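K.L.:
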Amino acid sequence: MSTQTLTEAKMTHHDLLKDQVAIVTGSGRGIGLAIAKRLANAGATAIITDITEEFASSGAKEITDSGLKAFPTVCNVTDVSSIEKMTEEVMNKYGKVDILVNNAGITKDTLFMRMKLEDWSAVIETNLTSVFKVTQSVIKNMSKANYGRIVNIASVIGMHGNFGQANYAASKAGVIALTKTLAKEYASKNVTCNAIAPGFIDTAMTQKLKPEMKEQYLKFIPLGRFGQPEDVAEAAFYFCTGGSYITGQVIVVDGGMFM
Ligand SMILES: NC(=O)c1ccc[n+]([C@@H]2O[C@H](COP(=O)([O-])OP(=O)(O)OC[C@H]3O[C@@H](n4cnc5c(N)ncnc54)[C@H](O)[C@@H]3O)[C@@H](O)[C@H]2O)c1
């Protein structure tokens, strides 16, 4: 490829999401921030939403510091009024939402026999009911515009279960089923809805696991390393760019751990 063609290819690549607006929940750090960066890198304005002002601002700053477009706003995904406020703010400022990435999530791990109802409810609320709430708030605008890309961050645990993660597994299985239902209901509106099921990704969420547990997981990863947030971001980017004929699917990003 000549230098000129290479430059052109690069420019087109950076333009793929030009003028698009992408909301990513829980994008102050970790996988959400990596996804926001990837979309911004392709020309989108990334709406960085997180539970605190501080998280949202620091995430957005990382993006704007590198010359890309981002806008921080607080959004607690468990709180309908906070969600409505965020959607309204984005609609007033940009007039549309092209991409929604439901990424915010938490764990409260403990064996089933010790799991309290509040551990169950907090994880279901934050990981699953949040997807219902945020999507309800945003999807009507996509539907009207006859365009939308929704990407939900599920987990391989939602497909296979895991010791100590009854709440988390159930929440992520719910996200997968919700993804497929939205895909069916909104396909006629040119809104696609897909999910990503990451395996073990190196973020704050997994950094709190005991070293011996991490060693154990590593043995089951054929690619021999933990995933990076950027590995997940690449799949999200694909759903928002090349994947216009793909809906209702779950792509597993786990280094081959489950196959
Ligand atoms: N790290 C992994 O191995 C892994 C594997 C599979 C799936 N996931 C999923 O990926 C997503 C991102 O996780 P991560 O690993 O980047 O973890 P993380 O803890 O680094 O990031 C989660 C983000 O969500 C935000 N958040 C939490 N509760 C919120 C709320 N109520 N409202 C708004 N924001 C909230 C946090 O402030 C944080 O910025 C989660 O849905 C998680 O379940 C992670």
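Under the working numbering, the residues of the sequence shown are numbered 936 to 1194, in order. Where is the CB? At the ideal position from N, CA and C, for every residue including glycine. For clarity, every value in this text was computed on a predicted model and none was experimentally measured.
Which whole-angstrom value is the C-beta distance of ALA1132 and VAL1185, which I expect to be below 8 Å?
P.N.:
With 8 Å as the limit, ALA1132 and VAL1185 qualify as a contact, their Cβ atoms being about 5 Å apart.
K.L.:
By Cβ distance, which residues of its chain are closer than 7 Å to LYS1043, with the 5 residues on each side in sequence left out?
P.N.:
Same-chain partners within the cutoff: ASP1054, ALA1057, VAL1058, ASN1102.
K.L.:
At the level of alpha carbons, what is the spacing between ILE982 and ILE1034?
P.N.:
Answer to the nearest angstrom: the Cα atoms are 10 Å apart.
K.L.:
With GLY1083 as the anchor, note down where its beta strand (DSSP E) starts and where it stops.
P.N.:
Where GLY1083 is concerned, the enclosing beta strand (DSSP E) stretches over 1083-1088.
K.L.:
Examine ligand 1 and report whether any of its heavy atoms sits within less than 6 Å of the Cβ of ASP985.
P.N.:
Under cutoff, so the answer is yes.
K.L.:
Just the Cα atoms here: how many angstroms apart are ALA995 and LEU974?
P.N.:
The alpha-carbon atoms of ALA995 and LEU974 are separated by roughly 13 Å.
K.L.:
Can you tell me where the beta strand (DSSP E) with LEU1035 in it begins and where it stops?
P.N.:
Per DSSP, LEU1035 belongs to the beta strand (DSSP E) from 1034-1037.
K.L.:
For a minimum of 3 consecutive residues, which ranges assigned as the beta strand (DSSP E) are wholly contained in the region 1096-1146?
P.N.:
Within the region 1096-1146, the complete beta strand (DSSP E) runs of at least 3 residues are 1126-1133.
K.L.:
I think ILE986 touches VAL1167, with their Cβ atoms under 8 Å apart; what is that distance to the nearest whole Å?
P.N.:
Actually they do not touch by this definition, with Cβ atoms about 20 Å apart.
K.L.:
Count the CB pairs spanning the region 1136-1155 and the region 954-961 that are closer than 8 Å, and state whether there are at least three.
P.N.:
Result no; under three Cβ-Cβ pairs closer than 8 Å.
K.L.:
Please list, in chain order, all residues of the same chain as VAL1126 whose beta carbon is under 6 Å from its beta carbon, the five residues on each side excluded.
P.N.:
Same-chain partners within the cutoff: MET1077, GLY1083.
K.L.:
Reducing DSSP to helix, strand and coil, say where ASP950 ends up.
P.N.:
Helix.
K.L.:
With respect to 6 Å, is the separation between the Cβ of ILE958 and the closest non-hydrogen atom of ligand 1 below this value?
P.N.:
Not so, every heavy atom of ligand 1 lies at least 6 Å from the Cβ.
K.L.:
Are the CB atoms of THR1116 and ALA1210 within a distance shorter than 7 Å?
P.N.:
The question about residue 1210 has no answer, for the chain in this structure spans 936 to 1194.
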